[in-house]
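Protein chains in written order, with this note's numbering: chain A, 5 to 277; chain B, 29 to 684.
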């Protein structure tokens, strides 16, 4: 990646990756005396699938929460499209075009799949409560437009059959998919996925991998994901950041990371023969 | 009032029928498909425009007369339009099963030398790309759903809508070429080629002419008075002759509306939303509907259960007679009306069968309980007997003469006779032209006078003139003691139990019968849940002693029933085992229409068959399985073999 110009690079499968969307510079995050993230820098480029991996407790989810604006780092700066980002609330960051899913699914269990995904449109709704209640002015047109976006997502994720099913009744793998749908409904420029494949069986993982690749391909969405399953990460990610005990120990393409001795020792395991 | 048509000159091809519909039924709904949660409708004139645009596009891609165009996908309007467009340009549509693995496609695509393929989506495109090196004659592929295909090399790939757009921009020369090609079609030109799934050997390409399809469709429409007011839901594989006859034949003939589901998983809710008036389903679907009803009633509140039981018992007594127009007392009619209000109508609505005027089931024998259940609700469910080679219809049950154990009287224009060995033969305008590139098989099946051997053994009931089918003629054999052996006869009886999904009975040239049983995961799983039986896998459930006990009970009950039949009392099952895997078309054990491939199973599970006959109590086995993506794996299991009580004819005499 040394030859990577600022204008971006081209991946092995011929996708054009653009300039830097988000850059983390020397981020340090502490909880009291515990250092969760220690002096980490990396960037996310437009249109790429960027993975963050590391053993349990390495600080991956904290990193995602920093990007997401849920945690504010004590040290370091975040640049969004080249501009330094102030401390924003998560909803302000969502309005900037960032959406996420959660490690342990945060859906509204009693609501249907359709309604859950509709909530993802909240940042695109302009009519106020009164308009909505009285079904006035643009309320109806807006609802129809939003519903169409949501229906396209339902079609995209192949979840038509569970459109009206309360999500609490769905199996885990499908709930994960609904959550991805809700994040997509926000039409994000940057999509953050926190362990999208945790607890899934092989078939569900394959489905989810395909959806992630398709999202990236069809909508050109930049994706940053945390994942434990090394096979999945190596298959779908363009570049990988490896963390261990809050520090960055590797950064590069999957093959570079796989060849990095520090990474092998820390995470992939040392070969004994 | 729906329009009805009689045979007219100049309407000798499906594209000609489409042009007529576009004029006479211009604004009537022709196709519907649920997209983005909404039913989208195309009128006949719009369909004509879509088909024409595609046909013009195909001409520009260089489709020649007589080319074969493979069509692979699920039930979507664009797939049916592709067939009509192919016919319009003088090519032959060859619909394929969408769940066929790439390997199976190689044979069919190279056998018919398909130059063009129209595929529904990325999944199908990938399969063809995987095998294209082995298909020298393959040239271009068109895909309907562009998702995931943007990055593919488009040297030989075209998007459906783009081909249509190019067609819409076609020059007058191309347009007149299309008109000429449509005008050149007549009764004898090929309408479609369908590959039979083949319970034995390689699939055979059945060539059906416009005459076959149009005359059969017309007769079927007349028989049940199907008009443009009717609607059907097309959800069965497009490569299956029944779907072709209903969706392209009958729909084009009488103008009925074809509805395509949103996805495979939503068929049941789409069925409910559409409420078709003309409905076809194989027995398997009715079985699973009944299973769902029974299971859900078990979860209902006590008063509801009581009401359901009370009225269903009443429906069982009089429902069939009311439907058949037989005399029923006023009190019973009144009670039935109350039952209809409280129970039958809501139940039919929940199943999506409220508006069914004519329903058919075929392909396999249907359990009498299942059949009577639907008929007693007031659904006019009937049976037909047919084959790909006959353009479906051989016999049909007329209204008022419906029974679960016959398949009806010969369809209009169809002659049926029984051969010396008990095999059923027929002759009709629907009889296929030939098996493509296979004159030997054609000659074996169809004689010089046009009589076709069905391969099924059966007889006409003297009192009613209805045909009864016993079994496949080649499967009917003898036990070593000379008694008659008809495996299907016993298997069908076994399969009427909801817990039993599939059964395979062995016994030809042996001294007694034994069986493989496949449990139904849904039914048995539910039963296990109710009885606090925990299990981690299909295999574990299948091997559970209590499951074996209950299956043994069923087998013994069937033995008692079989013992009563003078001719077939030798078919009682002495020993059986429950298979550790579900029989699957991907493993070649079933055909794509889910019929048992006896020979494959006998060879593949030879160790298990031997164990059934050598008296052992347990057998360890290892079986290769194929995953949906074509990869293979192995599963091993230890199976228990059970003995079932058998009735001797002597006991039967003693009991009487």
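The C-beta atom is built at its ideal place from N, Cα and C for all residues, glycine as well.
Straight-line spacing of the CA atoms in residue 214 of chain A and residue 472 of chain B works out to 48 Å. DSSP, read as helix, strand or coil, puts residue 243 of chain A in strand. Counting only runs of 3 or more residues that sit fully inside the region 533 to 557 of chain B, the beta strand (DSSP E) segments are 541 to 547, in chain order.
Of the candidates B:274, B:268 and B:244, B:274 places its Cα closest to the Cα of residue 258 of chain B.
Here DSSP, grouped into helix, strand and coil, assigns residue 367 of chain B to helix. The CB of residue 175 of chain B comes closer than 8 Å to the CB of 160, 218 and 222 in chain A, given here in chain order. Under a criterion of Cβ atoms nearer than 7 Å, no residue of chain A is adjacent to residue 550 of chain B; the nearest Cβ is some 15 Å distant. At a cut-off of 7 Å, the C-beta of residue 654 of chain B has no neighbouring C-beta in chain A. Counting only runs that start and end inside the region 218 to 294 of chain B, the beta strand (DSSP E) elements of at least 3 residues fall at 218 to 224, 232 to 237, 259 to 261 and 285 to 288. DSSP, reduced to helix, strand and coil, places residue 457 of chain B outside both helices and strands of the structure shown, so it counts as coil.
Under the 7 Å criterion on CB atoms, residue 164 of chain A is classed as interfacial with respect to chain B. Restricting attention to B:655, B:606 and B:612, the CA atom closest to the CA of residue 636 of chain B is found in B:606. For the 7 Å CB-CB criterion, residue 217 of chain B and residue 238 of chain B form a contact. Contact between the region 531 to 542 of chain B and the region 595 to 605 of chain B is present: three or more C-beta pairs spanning the two stretches fall below 8 Å. Excluding sequence positions up to five before and after residue 250 of chain A, its CB lies within less than 6 Å of the CB of 39, 40, 41, 42 and 63, all in the same chain and listed in chain order.
Straight-line spacing of the CA atoms in residue 205 of chain B and residue 87 of chain B works out to 8 Å. Here residue 405 of chain B has 343, 347, 372, 375 and 376 as same chain residues with Cβ atoms under 7 Å from its own Cβ, once five neighbours each way along the sequence are excluded. With respect to residue 191 of chain B, residue 121 of chain B sits apart: the two C-beta atoms are not nearer than 7 Å.
Contact between the region 447 to 457 of chain B and the region 279 to 298 of chain B is absent, with fewer than three C-beta pairs closer than 8 Å. DSSP places residue 252 of chain A within a strand segment (E or B) once states are collapsed to three.
Annotation: the continuous alpha helix (DSSP H) that includes residue 263 of chain A extends over 258 to 263. Contact of residue 155 of chain A with chain B is assigned, a C-beta pair being separated by under 7 Å. Residue 634 of chain B is classed as exposed because its beta carbon has fewer than 16 other beta carbons within 10 Å across all chains shown.
The beta-carbon of residue 658 of chain B is placed no less than 7 Å from the nearest beta-carbon of chain A. Here residue 618 of chain B carries a strand assignment [DSSP, helix/strand/coil]. In the three-state reduction of the DSSP assignment, residue 59 of chain A falls in the coil class. Note on geometry: alpha-carbon atoms of residue 256 of chain A and residue 235 of chain A lie some 16 Å from one another. At a cut-off of 7 Å between C-beta atoms, residue 77 of chain B does not count as an interface residue with respect to chain A. Taking 8 Å as the upper bound for CB-CB distance, residue 43 of chain B and residue 266 of chain B are not in contact here, some 18 Å apart.
Ranked by how close their Cα comes to the Cα of residue 514 of chain B, the residues B:528, B:527, B:526 and B:499 have B:499 in first place. When Cβ-Cβ separations below 7 Å define contact, residue 294 of chain B makes contact with chain A. Residue state for residue 168 of chain A is assigned as coil, using DSSP reduced to three classes.
By DSSP's assignment, residue 66 of chain B forms a beta bridge with B:63. By the Cβ neighbour-count rule, residue 105 of chain A is buried, with 16 or more other Cβ atoms within 10 Å of its own. If only complete runs of 4 or more residues are kept, the region 339 to 366 of chain B shows no alpha helix (DSSP H) anywhere.
Contacts with chain A at 7 Å (Cβ-Cβ) include residue 290 of chain B.
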